[in-house]
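Read the sequence shown against this note's numbering and you will find it ends at 867, with the numbers running on by one and no gaps.
The C-beta atom is built at its ideal place from N, Cα and C for all residues, glycine as well.
Predicted model only: the values in this text are computed from it and were never measured.
First the structure, in the form of structure tokens, and then the observations on it.
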Amino acid sequence: MTNILVPADLHIHIGSTISGKPVKITASRQMTFSSVLHESCVRKGLGMIGLIDAHVPEVQQEIAEGLQKGIFQEQSGGGIRYQETTCLLGVELELMVQRGLAHFLVYLPDLTQMRSFTQWLCLYMKNIHLSTQRLYQTPDQLLSKVEELGGLLIPAHVFTPFRSLFGSAADHLSDVLPVNRIMGIELGLSSDTAMADQISELQDHTFLTNSDAHSIGKIAREYQILELPEASFSEFTSVLRQENGRKVVANYGFHPKLGKYYGSVCLNCGMPWIKGAVQCKTCKSKRRVKGVSERINEIADQMSKSPVHRPPYIHQVPLAMLPGIGPKTLDRLLEKVGTEMYLLHQATEQELTDASNSKVAQTIIRARSGQLTIQEGGGGIYGKAH
482 MTNILVPADL
492 HIHIGSTISG
502 KPVKITASRQ
512 MTFSSVLHES
522 CVRKGLGMIG
532 LIDAHVPEVQ
542 QEIAEGLQKG
552 IFQEQSGGGI
562 RYQETTCLLG
572 VELELMVQRG
582 LAHFLVYLPD
592 LTQMRSFTQW
602 LCLYMKNIHL
612 STQRLYQTPD
622 QLLSKVEELG
632 GLLIPAHVFT
642 PFRSLFGSAA
652 DHLSDVLPVN
662 RIMGIELGLS
672 SDTAMADQIS
682 ELQDHTFLTN
692 SDAHSIGKIA
702 REYQILELPE
712 ASFSEFTSVL
722 RQENGRKVVA
732 NYGFHPKLGK
742 YYGSVCLNCG
752 MPWIKGAVQC
762 KTCKSKRRVK
772 GVSERINEIA
782 DQMSKSPVHR
792 PPYIHQVPLA
802 MLPGIGPKTL
812 DRLLEKVGTE
822 MYLLHQATEQ
832 ELTDASNSKV
842 AQTIIRARSG
852 QLTIQEGGGG
862 IYGKAH
């Protein structure tokens, strides 16, 4: 079977069930299972997504009804198919790990396995109807259950200052889980390959760049291109294992400085924290939010060195974050030119100009070639592109 190239964003949340009940409290209520799949396929141009929060019973009911009506189809290799897009069923869980809380992503092959997982979660979780809930189990216990169901466990946004493996819970993956049983690492918006490759124990792992979208517009703000014969759960597993020619061929993600936790800032006044300072230069507070760049420098044990299997990391600025591109301009571009994937990376300057104006076209071309100036983000505030 010939391999194909598939753009994939594997961390997208659900804001609401089809009846309007909240799932991810901080996510848009427009984000139902069906609406996310439609947006990802038609406007974003993604061939695979990871739909987090598929553990919720009412979400599972929506999937089952869609399968019965023929709106969705089950992939033989795992996953739910909608038109040209395959959805992997996932969950984000919060666990106590060593000295802090950390988030983990679980992916399971099909709805039957996800329902079995939901039954197990009910024994150790207070509210099965909400997203990213605390699981009162150890990482080892979670990993064993996931493997029993034929699933995958991936540490989420691993360097974020709050609720992440390296950001708040541990200094080493090996202190938390067996390294050889974890095949993928989600980097998060404030880091990239060059930063993560300063940590030697991650050399063999496949790096994932996902949006962690809480609103429709943020889907595919980070994604990767997968090379595989078909978009399915089993083939995604082979991608993570880097076997039989299956692999990530490119990661597309934020320039780390665009991320809202890249730099260290004062927790009191929000001003940048001067490297090596014991207190804020502006307000003299001693409380800060440690940035991802500083945290990686603390735990790095080698110069940045990418292994042979590591694909290129291509910095991108999402269309919605580009100066001069508001919602109306973005809608016009999507309507007249093509999907966001096409606009970001393939559309010609003439196509872009015809659908908007020369200034907008030049902005997209400059972003594509890395010519924009990036103002550093931190402390929960995104950076800006100029």
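Legend entry - Integer-rounded CB distance, given that Gly560 should sit under 8 Å from Phe688: The Cβ separation is near 21 Å, so there is no contact.
Inset, instruction - Identify every residue that forms a DSSP beta bridge with Leu634. - result: Val587
Legend entry - Reduced DSSP secondary structure (H/G/I, E/B, other) of Ala535: coil
Inset, instruction - Report the rounded CA-to-CA distance for Pro620 versus Pro590, giving the unit in angstroms. - result: 20 Å
Legend entry - Which listed residue (Ile755, Asn484, Glu565 and Leu569) has its alpha carbon closest to that of Phe514: Leu569
Legend entry - 8 Å Cβ cutoff met for Val746 and Pro737: no
Inset, instruction - Could you please give me the residues that DSSP links to His796 through a beta bridge? - result: Gly734
Inset, instruction - Let me know the secondary structure DSSP gives Glu857 once reduced to three states. - result: coil
Legend entry - Proximity to Gly558 [Cα-Cα], best of Thr718, Ala675, Asp534 and Leu532: Thr718
Legend entry - Bridge-paired residues (DSSP) for Cys747: Arg769
Legend entry - Closest residue to Val517 among Lys817, Lys699 and Val759 (Cα-Cα distance): Lys699
Inset, instruction - Look at the Cβ atom of Ile663, then the Cβ atom of Leu707, and state whether they are nearer than 8 Å. - result: no
Inset, instruction - Go through its chain and collect everything with a Cβ distance to Gln554's Cβ below 6 Å, but skip five positions before and after it. - result: Arg562
Inset, instruction - Assign Arg769 to buried or exposed, taking buried as 16 or more other Cβ atoms, counted over all protein chains shown, within 10 Å of its Cβ. - result: buried
Inset, instruction - Can you check DSSP and say which residues form a bridge with Cys764? - result: According to DSSP, which records beta bridges pairwise, Cys764 is partnered with nothing at all.
Legend entry - Ala545 versus Gly528 - alpha carbon distance: 21 Å
Legend entry - Same chain, Cβ closer than 6 Å to Leu798, neighbours up to 5 away in sequence not counted: The sequence shown places Val at residue 798, not Leu. These residues qualify, in order along the chain: Ala848 and Ala866.
Legend entry - Thr641 and Tyr742 closer than 8 Å at C-beta: yes
Inset, instruction - State yes or no: is the C-beta of Ala677 within less than 8 Å of the C-beta of Gly581? - result: no
Legend entry - Check whether Leu586 and Ala637 have beta carbons under 8 Å apart: yes
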